[in-house]
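See structure below.
Chains as they are written, first to last, in the working numbering: chain D, 73 to 705; chain G, 73 to 705.
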């Protein structure tokens, strides 16, 4: 059997001939960047063959490499089949790097109303005078301790079978665990002795990229640990579309398993950090987008990516954690947030819960921006939602020096409006390698205020500054000189980059206006704007208004809810009463398909200006720009 | 590997050295009589070694055999270990024979209110204008067809997973199956095309000895087939106590499996006879005694046979048929009748339902007699129950020529009160081999009426008749002369037999009176007596009163309900509304422990006369006996 040795770690793994390097890496537990899901289309899984025999079609895939790289043995891991013992070097850029994962959440104070309880019991052994059956004795004991009425508690077979021995072996001192389930209560565990204080629950945000887990005591509601890691499905494709395609090709089981493994890895980290046993976790609440939750439940997501884009299920789901491979107590239940449509998933419903939107009379706007964005408008009476592709620009993609929020990314920047010299901060305070989304928004806002760009995004090359110059294809502005950077090149933003960013932000703003039109709501009626997710957490809110990413509202009414998906899961975990609200949200929320909405394209066109064609909608920004213009003269 | 060849069938089976002949027979599918469960205590599993080497302790077990039998190679199958290739002959008496199994039931007209429904749907495929999720589309379709409200239907994971493919593969023409479950409805199956007419249910009586299955259409309620067979657990012990002991020694799983196999065998027979697929059976309702239902559910019955005699569970149980190994539709549910105590099982609750006792204002008495008997007294407001050991006499045991209701048993007999010559009927109308329970009751009644025996059971040897004579130990009455019989001996009933029968019947009568005392009910207030089970079905009701087996009531108010256990299961299967009554019965019924009831012993003593010490309680019998006495002079 041939083997593959991965450098620099020298990890060696035996494989069948014909196995791809990518498959070998997955088998070895190495997480590679595979944006396209291993179809040879993204050119991200670059490795260098150091020795040995492989088959790789250089003619077909040569376009991804320079001549020098090809000389050094560059090939695509997903398209290279092992023919004998080989050694390959994995460059750092091919490995998935630690990104900033947003685990913080708003932490709305939620009362503790768990849906799992433990009752420590000291039962009287049966006698000839009181020969009640074991189960009756146990359930009456629970009822006497303030638990649910005995008759309402259902005992499943596996628990029933365990009861006679546990009662007698423990000398009739046991702890019973009861969970609220649709239609009643369920006796989910009976164990020896008093274990009432060991009762934990987990709130999980199952994101396309990352998994975040909160571990909480269900006795006092305290957060005991937080852990996060990558969604291991990334090795099957970076974005949702690649995952669905992977599932269509028979990979659903594998994706399901990877989702469970990703959750389990975070659960283990959290449990270890809290010093508890995963077996003592009795409930898991999970929020995720519609595709993620379908995959986790093992339900085919294929039909969501082709017309007419229908999910299989939209309601909240409950299931046995064990059946889905989630490593918690064997009888623990899962509560999975309901979705609204293919694009408005349980993560957005969790956002809404976390923001408290559905419990208010005032109208709020919720915005979650990533590669895709979701917008929700409404209050306790009604809700409209929509979703769209923002394009990768806001996340640093399709921008020459754009990058994700990895170390070295410029995340904050401001320009001296006179000298145009920037002051910036990078992630981890290292030399800059590029600019991430929040930095780009700062930059566009200040370039606009400094009149370096006009409201269409065109760079004013008439301004005399060494930072403004003609680049290879477009005019550009130099953000950092080569000597300041970690990459030995000037970091610039081109006019083309600015236009990409304008198109991205225009989608979001047009979505907001479309929902507002639909509901007949003017911007003055919006009491709050909630930002959910990493993007909203890091951007400068004033700048977001200045460039017209969101409607103009008073700054004070904009709030970050952090990771709303995990916050919503936390709320549902510790307060069962909020689950009714979840159900109401999922029921009342209307989904507006933007592509089917003629007014959306008009709104989009009007939004492809900084901040918008109609400055009357952005009165404060108009004042600001007027002041700047007067200043520059 | 040694082998065992069984004669007369010449069935040959390879076994490990040291295997017992009994285990080999079980492996070969041969059902032997093993009353003690294979402990060498009952001497029933007699086989004759014809050739080969075995180890068998003749000294220890010789007492079961005559010298001649030992010479012929007699040994006990359960205590004989195979050492090499052997041939053994199995005498007919060792094989379990076909007994009359009571499958008939009263057939009370019950309205059809099933708890499983099928809906044939022709759904509109999704469009961009109507992109509802698959599940929503399906459930709305069901609701539109008159099914339950979509929101109340829970879809379990395995069904959810099947939905997208089934909907599309079938061109959106599917049949959905919905079952009523605690707290709502459950979508238990979705299949292609219109299968709405293929919807069946099974009612099962899981008896200690036999399993009876009714297969019914749940579309129109019609009975499609009835099948029955032995409970295969018999190979692990004939009576309940042996089974529980077998379970205690690690045999619970085996017994569970045998219970499921026994049910499956009957289901297969019924399904084949009806020409349907077992996969189209969507619900199974089972009644059985407390030990049988515990074992079927895989729950340890050990604590029911030792003080203080507690079952693990008494409520009705639901479970997945598949999980218990019942071979019906993978998503079918089981409904198992609740028990009242260790001795009043779900079979008795089913009897009560079948008799309609709990739906009447009048007071009824229900009697089920076997080796053990159960008596229930009550009406819709209250109910008392008790159980006891009748001893084997009423079933033909412990009576010299007593036998079970097998071919050749005298089942009806009447005496010419002048000549004392009997007229009798045997089962299958063959030459008599012995007398079964119903024959014994006829015989005692007529011996009493003919003054051959007095009210204490003593035989009047002063009467001149060739049929009345002194036997080896006791006076006896000749029922059939050797020449008439299949066994070449006179079939007689001894005075000792009569006394055994009196003790047996006294237990039943005393139980009836004890409950009547407890409830303050006189015999005149009893509107009906219901006999459940084989025994009650075959006995002559007048004779039962004459000998004082049951309280004296007008003959017209005594009714046989046949196999009440399977009738009750049938009612619960086709009419879900009756399940509420089951629950009420199990709740309101009080269990009287006869051994803890001082008055029971007094009642028993008073009942050890024919019919009773106090003839005032049996006024019609008194008149009858007076007439006979006068007649004989």
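A virtual CB, placed ideally from N, CA and C, is assigned to each residue, including glycine.
Practice item. Any chance you could list the alpha helix (DSSP H) runs of at least 4 consecutive residues sitting entirely within the stretch 198 to 270 of chain G, in chain order? Key: Here the runs fully enclosed are 206 to 216 and 229 to 241.
**Study point:** Identity of the residue in 379/D, 525/D and 191/D nearest residue 201/G by Cα
**Key:** Selected option, being the one with the closest Cα: 379/D.
Check your understanding: Closest by CA to residue 700/G, which one among 525/G, 648/G, 429/G and 409/G?
Key -> Here the closest residue by C-alpha is 525/G.
Practice item. For chain G, find out if any of its Cβ atoms is closer than 8 Å to the Cβ of residue 257/D; answer yes or no. Key: No, because no Cβ of chain G sits closer than 8 Å to the Cβ of residue 257/D.
Check your understanding: Distance, Cα to Cα, residue 697/D vs residue 165/D?
Key -> The alpha-carbon atoms of residue 697/D and residue 165/D are separated by roughly 41 Å.
Check your understanding: Nearest-angstrom Cα distance between residue 558/G and residue 503/G?
Key -> About 5 Å.
Practice item. In the DSSP assignment, find the beta strand (DSSP E) that holds residue 706/G and state where it starts and stops. Key: The displayed coordinates of chain G run from 73 to 705. Any statement about residue 706/G would go beyond what the structure contains.
Point to revise | Euclidean distance between Cα positions of residue 535/D and residue 300/D | key: Rounded to whole angstroms, residue 535/D to residue 300/D spans 47 Å at the Cα level.
Check your understanding: Name the residues in the stretch 379 to 391 of chain G whose C-beta lies less than 9 Å from a C-beta of chain D; which are they?
Key -> From the stretch 379 to 391 of chain G, only 379, 380, 381, 382, 383, 384, 385, 386, 387, 389, 390 and 391 have a Cβ closer than 9 Å to chain D.
Review point. Within 8 Å (strictly less), CB to CB, does residue 371/D reach chain G?
Key: Closer than 8 Å to some Cβ of chain G, the Cβ of residue 371/D qualifies, so yes.
Point to revise | Residues that residue 159/G bridges to, as DSSP identifies them | key: Paired residue(s): 77/G and 123/G.
Exercise for review: Please confirm if residue 668/G has its CB atom under 8 Å from at least one CB of chain D.
Suggested key: Closer than 8 Å: yes.
Practice item. Using 10 angstroms around the beta-carbon of residue 685/D, count the other beta-carbons present and answer buried if the total reaches 16, otherwise exposed. Key: Residue 685/D sits exposed, since fewer than 16 C-beta atoms from the chains shown fall within 10 Å of its C-beta.
Practice item. Leaving aside the five residues before and after residue 496/G along the sequence, list all residues of the same chain whose C-beta is less than 6 Å from its C-beta, in chain order. Key: Taken in chain order, the residues that qualify are 482 and 485.
Check your understanding: residue 299/G CB to nearest chain D CB: under 8 Å?
Key -> At a cut-off of 8 Å between beta carbons, residue 299/G makes no contact with chain D.
Check your understanding: Under a three-way DSSP split, which group does residue 170/G fall into?
Key -> Interpretation of residue 170/G is limited by its pLDDT of 46, a score under 50 that renders its predicted location unreliable; the figure taken from the coordinates is listed afterwards. In the three-state reduction of the DSSP assignment, residue 170/G falls in the coil class.
Exercise for review: Report yes or no: is there a C-beta of chain G within less than 8 Å of the C-beta of residue 237/D?
Suggested key: So yes, residue 237/D belongs to the interface.
Check your understanding: Interface residues of chain G around residue 419/D at Cβ under 9 Å?
Key -> Here the premise fails: no neighbours, minimum Cβ distance about 17 Å.
Review point. Mind checking if residue 226/D is an interface residue toward chain G, Cβ cutoff 8 Å exclusive?
Key: In terms of beta-carbon proximity, residue 226/D lines the interface with chain G, with at least one pair separated by less than 8 Å.
Review point. Who are the neighbours of residue 375/D on chain G, taking C-beta pairs under 7 Å?
Key: Against residue 375/D, the close residues of chain G are 236, in the order they occur along the chain (beta-carbon pairs closer than 7 Å).
Practice item. For residue 220/D, decide whether its Cβ has a neighbour in chain G, counting only Cβ atoms nearer than 8 Å. Key: Not a single CB atom of chain G sits nearer than 8 Å to the CB of residue 220/D.
Review point. Which residue comes first and which comes last in the alpha helix (DSSP H) that contains residue 640/D?
Key: Taken as a continuous stretch (DSSP letters only), the alpha helix (DSSP H) holding residue 640/D covers 636 to 646.
Check your understanding: Taking Cβ to Cβ, would you say residue 400/D is nearer than 8 Å to residue 274/D?
Key -> A contact, by the Cβ cut-off of 8 Å.
Exercise for review: Could you say if the stretch 267 to 287 of chain G and the stretch 76 to 90 of chain G meet the contact criterion of at least three C-beta pairs nearer than 8 Å?
Suggested key: Between the stretch 267 to 287 of chain G and the stretch 76 to 90 of chain G, the count of Cβ pairs shorter than 8 Å is below three; the stretches do not touch.
Practice item. Would you list, in chain order, the members of the stretch 206 to 220 of chain G that have their beta-carbon closer than 7 Å to a beta-carbon of chain D? Key: Those residues of the stretch 206 to 220 of chain G that come within reach of chain D (Cβ to Cβ, closer than 7 Å) are 206, 207 and 208.
Review point. Which residues in chain G sit within 7 Å of residue 200/D, going by Cβ to Cβ distance?
Key: The answer, in chain order, is 379, 380 and 668.
Check your understanding: If we cut at 8 Å on Cβ distances, does residue 254/D have a partner in chain G?
Key -> It does: the Cβ of residue 254/D has a partner Cβ on chain G nearer than 8 Å.
Review point. By the criterion of Cβ-Cβ separation under 7 Å, what are the contact partners of residue 233/D in chain G?
Key: 370 and 371, listed in chain order.
**Study point:** Through-space distance from residue 422/D to residue 325/D, alpha-carbon basis
**Key:** Residue 325/D and residue 422/D have their C-alpha atoms roughly 26 Å apart.
Exercise for review: Under 8 Å by Cβ, that's how I've got residue 162/D and residue 225/D pegged, so tell me the actual separation to the nearest angstrom.
Suggested key: That pair is no contact at about 54 Å.
Point to revise | Assigned secondary structure, residue 650/G (DSSP; H/G/I helix, E/B strand, else coil) | key: If DSSP states are grouped into helix, strand and coil, residue 650/G belongs with the helices.
Point to revise | Short Cβ contact (8 Å threshold) for residue 468/G with residue 507/G | key: Against a cut-off of 8 Å, the Cβ pair of residue 507/G and residue 468/G comes out as a contact.
Point to revise | 8 Å Cβ cutoff, residue 170/D in contact with chain G | key: The predicted position of residue 170/D is uncertain, since its pLDDT is 45 and thus under 50; no value can be drawn from it.
Check your understanding: Excluding the five sequence neighbours on either side, which residues of its own chain have a C-beta within less than 7 Å of the C-beta of residue 115/G, listed in chain order?
Key -> Closer than 7 Å at Cβ, skipping near neighbours: 136 and 148.
Check your understanding: Under three-state DSSP, which class holds residue 685/D?
Key -> It is coil, neither helix nor strand.
**Study point:** Nearest-angstrom Cβ-Cβ length linking residue 396/G and residue 406/G, presumed shorter than 8 Å
**Key:** Between residue 406/G and residue 396/G the Cβ distance is about 7 Å, and since that is below 8 Å, they are a contact.
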